[in-house]
Amino acid sequence: VGDVQLLGATHQVVSPSGVYLGNDGILLEDGTLASGTPYDDAIIDAALRLGERAAAVGFWGPCGTDAFVYETLPGEEALRPVVELNARWTGGTVVLGRVLQSARDVKPPFRWSYRLSEDRMRHEPLVESRELAGRDQIE
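As structure tokens, this is what we get:
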């Protein structure tokens, strides 16, 4: 069984009808690519465990997992850390590659945003400590 390698996590942006629009995330100084949500640790842990199980039964190659946050009661959210395993290159994989390319010109840490309609990466400095503080907690 080979090692499972995590490229990163993104926050997928969709229209109200579910059409893919793009992705958002953060790139930290240590090279971590994350969605920048309070759910990163739980999502990454679940994705790695699923990847390890898939590898154990013979899967190899690129893949991605989908997760979502939903409202349980007004103002309350819950996380579903794994919805499915996408055993293929995903749009998020391509976007993570674009983020790493752009890091050659923009020094991390930064928040990034990619929209398919513009086909361009946007960056802004990641300076607010509260943005990083929530990464290790699930609220």
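Quick note, the sequence shown lines up with residues 157 to 295 if you use the numbering used here.
Just so it is clear, CB atoms sit at the ideal spot from N, CA and C, and this is done for glycine as well.
Item	Value
Considering Cα atoms alone, identify which of 208, 172, 223 is closest to residue 195.	223
Could you check whether residue 204 and residue 241 sit closer than 8 angstroms to each other, using their CB atoms as the reference points?	no
Using 10 angstroms around the beta-carbon of residue 275, count the other beta-carbons present and answer buried if the total reaches 16, otherwise exposed.	exposed
As an exercise, report each continuous alpha helix (DSSP H) stretch of at least 4 residues that is fully enclosed by the region 167-193, in chain order.	none
Taking DSSP's pairing of strands, which residues face residue 241 in a bridge?	221
Determine whether the beta carbon atoms of residue 185 and residue 264 lie at a separation below 8 angstroms.	yes
Evaluate residue 159 with the Cβ neighbour count: other Cβ atoms within 10 Å of its Cβ, from every protein chain shown; 16 or more gives buried, anything less gives exposed.	exposed
Judging by CA-CA distance, which residue of 246, 255, 201 is the nearest neighbour of residue 220?	246
Nearest-angstrom Cα distance between residue 269 and residue 212?	34 angstroms
Can you name the start and end residues of the alpha helix (DSSP H) that residue 254 belongs to?	247-258
Residues in its own chain within less than 6 angstroms of residue 228 by CB, not counting five upstream and five downstream?	234
Here's the rule: buried if 16 or more other CB atoms are within 10 angstroms of the residue's CB, otherwise exposed. What is residue 359?	Residue 359 lies beyond the residue range present for the chain, which begins at 157 and ends at 295; the question has no answer from this structure.
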